[in-house]
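Q:
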Amino acid sequence: MNLHRIIVVGALAGLLAACQSATYSPRPVAVQPQGIDGQWTDPNGIISSFYNGRFETRTTDTNSLLAEGSYRYVSDQIVEIELTSLLRQTTSRVNCALASQSQLNCTSSTGAQFTLVRRV
């Protein structure tokens with residue numbers, strides 16, 4: 001009986017040790033971006049970047065800076081961008097609505113409308 005008890009206790013100890021040493025490695029989960037932080041493109045391939053309240057637009061071919069400025073959330077879905085065009089030396093305001101996590105619908109202060117799509 002003692003031998004049986006020793007075998008059972010040993011087996012249980014082995015199972016317990018195996019359970020404790022097993023590591024749980026969850027499958028990677030794609031993190032959904034929050035807000036507008038990140039890079040976006042327009043239909044012409046111009047890249048707009050939004051990070052921590054700073055905004056800039058660059059060309060895709062030479063990475064030349066076209067415009068820079070700042071942005072702020074008016075609401076959860078509306079963002080106001082103040083930008084300075086380095087080409088025209090003008091300052092303007094653009095309002096964008098976050099239509100989805102991958103699409104921004106924007107209207108400039110002159111009424112021009114355009115869409116930006118999140119880069120993957």
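Residues in the sequence shown are numbered consecutively from 1, following UniProt numbering. Glycine included, C-beta positions come from ideal geometry on N, C-alpha and C.
Could you check whether Ile47 and Thr62 sit closer than 9 Å to each other, using their CB atoms as the reference points?
A: No, the Cβ-Cβ distance between Thr62 and Ile47 is not below 9 Å.
Q: What's the C-alpha gap between Arg54 and Gly111?
A: Computed Cα separation, rounded: 23 Å.
Q: Compute the beta-carbon to beta-carbon distance between Thr115 and Gln103, rounded to the nearest angstrom, for a pair I have assumed lies under 8 Å.
A: Correct: roughly 6 Å between the Cβ atoms.
Q: Please go through the same chain and pick out, in chain order, the residues whose beta-carbon is closer than 7 Å to the beta-carbon of Ser70, but skip the five residues on each side of it.
A: For Ser70, where only same-chain residues beyond five positions count, the Cβ hits under 7 Å are Gly53, Arg54, Phe55, Glu82.
Q: Any idea what DSSP makes of residue 121, helix, strand or coil?
A: It is not possible to answer for residue 121, since the shown part of the chain is limited to 1 through 120.
Q: From Thr41 to Arg118, what distance separates their C-alpha atoms?
A: The straight-line gap from Cα to Cα measures roughly 6 Å.
Q: For Val94, does the count of other Cβ atoms within 10 angstroms reach 16, so buried, or fall short, so exposed?
A: So Val94 ends up on the buried side.
Q: Which value, in whole angstroms, describes the spacing of the CA atoms of Ile36 and Phe50?
A: Cα to Cα, Ile36 sits roughly 6 Å from Phe50.
Q: Here's the rule I'm using: 16 or more other beta-carbon atoms within 10 Å means buried, otherwise exposed. How should Ala99 be labelled?
A: Ala99 comes out exposed.
Q: Once the 5 residues before and after Val120 are set aside, which same chain residues still bring their CB inside 8 Å of it?
A: So no residue of the chain qualifies.
Q: Which residues bound the beta strand (DSSP E) around Val94?
A: Start and end: 90–100.
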